[in-house]
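Quick notes on the structure that follows.
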Amino acid sequence: MNTKITGPSNVVAFGIGSLEKKFSADVSVSLAFIQKKISVIPVVIQGLQETLQVKHHGLLTIYRNLQEKMQNIKEFRTHGAADLRAHPRPP
Numbered sequence: 857m858n859t860k861i862t863g864p865s866n867v868v869a870f871g872i873g874s875l876e877k878k879f880s881a882d883v884s885v886s887l888a889f890i891q892k893k894i895s896v897i898p899v900v901i902q903g904l905q906e907t908l909q910v911k912h913h914g915l916l917t918i919y920r921n922l923q924e925k926m927q928n929i930k931e932f933r934t935h936g937a938a939d940l941r942a943h944p945r946p947p
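Position one of the sequence shown corresponds to residue 857 (my numbering), numbered consecutively onward.
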């Protein structure tokens, strides 16, 4: 199927030129939008890493506290309350 564009050549060229400009402008706006979104990604990743580090530190602290409490319970069961009062564990 052949399509023939009729009319003065300057009108056809102007029409094609307008389409090219519109397409070029749309692509430029789209690229700028995508670049702006991409530029935010490193900031988001850094925020997530910092959040994970804080949560990891908090979880380690909780784990250590639980280990210490478990050790206290074991010592209490092994030695009894009187022995712990007589020989308290150093802090």
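Where is the CB? At the ideal position from N, CA and C, for every residue including glycine.
Length of the line joining the Cα atoms of residue i and residue j
| i | j | result |
| --- | --- | --- |
| residue 932 | residue 901 | 46 Å |
| residue 934 | residue 906 | 42 Å |
| residue 929 | residue 922 | 10 Å |
| residue 893 | residue 925 | 48 Å |
| residue 919 | residue 912 | 10 Å |
| residue 917 | residue 908 | 14 Å |
| residue 895 | residue 885 | 15 Å |
Query - Segments assigned alpha helix (DSSP H), at least 4 residues, entirely inside the segment 869-925 - result: none
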